[in-house]
């Protein structure tokens with residue numbers, strides 16, 4: 033895996049004062065990785081701080097949403113000929129030092145997507161709101177049943193994937209707002225293999241991209257999206273890179 037090109041995609045919206053530390057943390061954890069900050073219509077110094085920290089920056093003209101920012105990063109990775117794509121949030125809630133753990137899981141378990149789970153981290157202190165905790169529990173159960181494996185953190189945006197997955201995410205199946213459990217189910221039904229590893233996560237900033245992510249609306253939206261995903265006819269989008 034050392035010879036494979038890796039791009040870390042960092043979606044960010046008004047993360048001045050935080051994004052620089054995230055980029056430097058990635059460089060420390062994975063010195064050979066390229067870092068792309070997708071600046072989702074920021075009105076502050078996110079772009080300047082990202083460039084100063086050594087990242088490449090793709091600036092979106094307006095705020096398009098978390099999912100659209102990620103998809104822009106996937107398209108960059110596909111066009112750039114990268115082999116692997118990682119993603120973590122720009123507000124600092126995903127400590128970059130866990131990226132090597134996810135890369136090891138991708139290789140050792142021969143899977144297509146490695147996901148960081150805050151609920152598999154024994155030393156974690158993540159405390160979601162009551163509504164979000166209930167939603168995560170429900171979606172964890174649904175995803176586990178459909179995928180026939182235990183999924184503890186279906187809402188985690190801390191991931192590393194192989195290029196065929198990023199290419200799949202460049203299609204119109206990828207949501208523009210918050211891709212979570214619905215996308216994991218879609219990956220499974222499309223023939224990709226997913227595995228989790230424990231990572232530490234920190235509380236997201238009150239000014240982060242997720243600040244307007246209302247818990248009750250999220251539960252409703254995700255339930256509807258999962259239903260649509262289950263009703264959609266499965267389509268195999270090419271043979272996944274990982275072998276049985």
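In the working numbering, the protein residues as written are 33 to 276. C-beta: ideal position from N, C-alpha, C; glycine also.
Taking only the alpha-carbon atoms, compute the straight-line gap between residue i and residue j and give it to the nearest angstrom.
i: residue 164; j: residue 158; result: 12 Å
i: residue 100; j: residue 194; result: 19 Å
i: residue 35; j: residue 143; result: 18 Å
i: residue 123; j: residue 43; result: 9 Å
i: residue 41; j: residue 115; result: 13 Å
i: residue 88; j: residue 68; result: 5 Å
i: residue 177; j: residue 81; result: 43 Å
i: residue 47; j: residue 106; result: 20 Å
i: residue 78; j: residue 55; result: 12 Å
i: residue 276; j: residue 225; result: Low confidence applies to residue 276: its pLDDT is 38, below 50, so where it sits in the model is not reliable, and the reading given next is rough at best. Going from the Cα of residue 276 to the Cα of residue 225 covers about 9 Å.
i: residue 17; j: residue 169; result: Nothing can be reported for residue 17, as the shown portion of the chain is limited to 33 through 276.
i: residue 63; j: residue 45; result: 24 Å
i: residue 59; j: residue 52; result: 11 Å
i: residue 161; j: residue 257; result: 21 Å
i: residue 145; j: residue 84; result: 30 Å
i: residue 235; j: residue 126; result: 9 Å
i: residue 233; j: residue 192; result: 16 Å
i: residue 220; j: residue 203; result: 16 Å
i: residue 214; j: residue 153; result: 23 Å
i: residue 175; j: residue 252; result: 16 Å
i: residue 173; j: residue 75; result: 39 Å
i: residue 259; j: residue 249; result: 16 Å
i: residue 265; j: residue 141; result: 28 Å
i: residue 108; j: residue 133; result: 24 Å
Quick one: using the 10 Å Cβ neighbour count with 16 as the cut-off for buried, is residue i buried or exposed?
i: residue 148; result: buried
i: residue 187; result: buried
i: residue 196; result: buried
i: residue 166; result: exposed
i: residue 207; result: buried
i: residue 181; result: exposed
i: residue 212; result: buried
i: residue 94; result: exposed
i: residue 155; result: exposed
i: residue 131; result: buried
i: residue 50; result: buried
i: residue 263; result: exposed
i: residue 102; result: buried
i: residue 137; result: buried
i: residue 244; result: Annotation note: pLDDT 47 at residue 244 (below 50); position unreliable, coordinate value reported separately. Looking at its Cβ environment, which holds fewer than 16 other Cβ atoms inside 10 Å, residue 244 is exposed.
Check whether the Cβ atoms of residue i and residue j sit closer than 8 Å, and answer yes or no.
i: residue 228; j: residue 261; result: no
i: residue 39; j: residue 70; result: no
i: residue 139; j: residue 57; result: no
i: residue 283; j: residue 216; result: Past the boundaries of the shown model lies residue 283; the chain is included only from 33 to 276, so the question cannot be answered.
i: residue 307; j: residue 96; result: Because residue 307 is not part of the residues shown, which for the chain are 33 to 276, the question remains open.
i: residue 198; j: residue 117; result: yes
i: residue 86; j: residue 37; result: no
If we define contact as Cβ-Cβ less than 8 Å, is residue i a contact residue for chain B?
i: residue 139; result: In the displayed structure, chain B is absent; only one protein chain is listed.
List the whole-angstrom C-beta distance separating residue i from residue j, where the pair is believed to meet the contact cut-off of C-beta under 8 Å.
i: residue 210; j: residue 98; result: 6 Å
i: residue 231; j: residue 218; result: At roughly 23 Å, the Cβ-Cβ gap does not stay under 8 Å, so residue 231 and residue 218 are not in contact.
i: residue 254; j: residue 151; result: Residue 254 to residue 151, Cβ: 17 Å. No contact.
i: residue 104; j: residue 90; result: 6 Å
i: residue 222; j: residue 200; result: 7 Å
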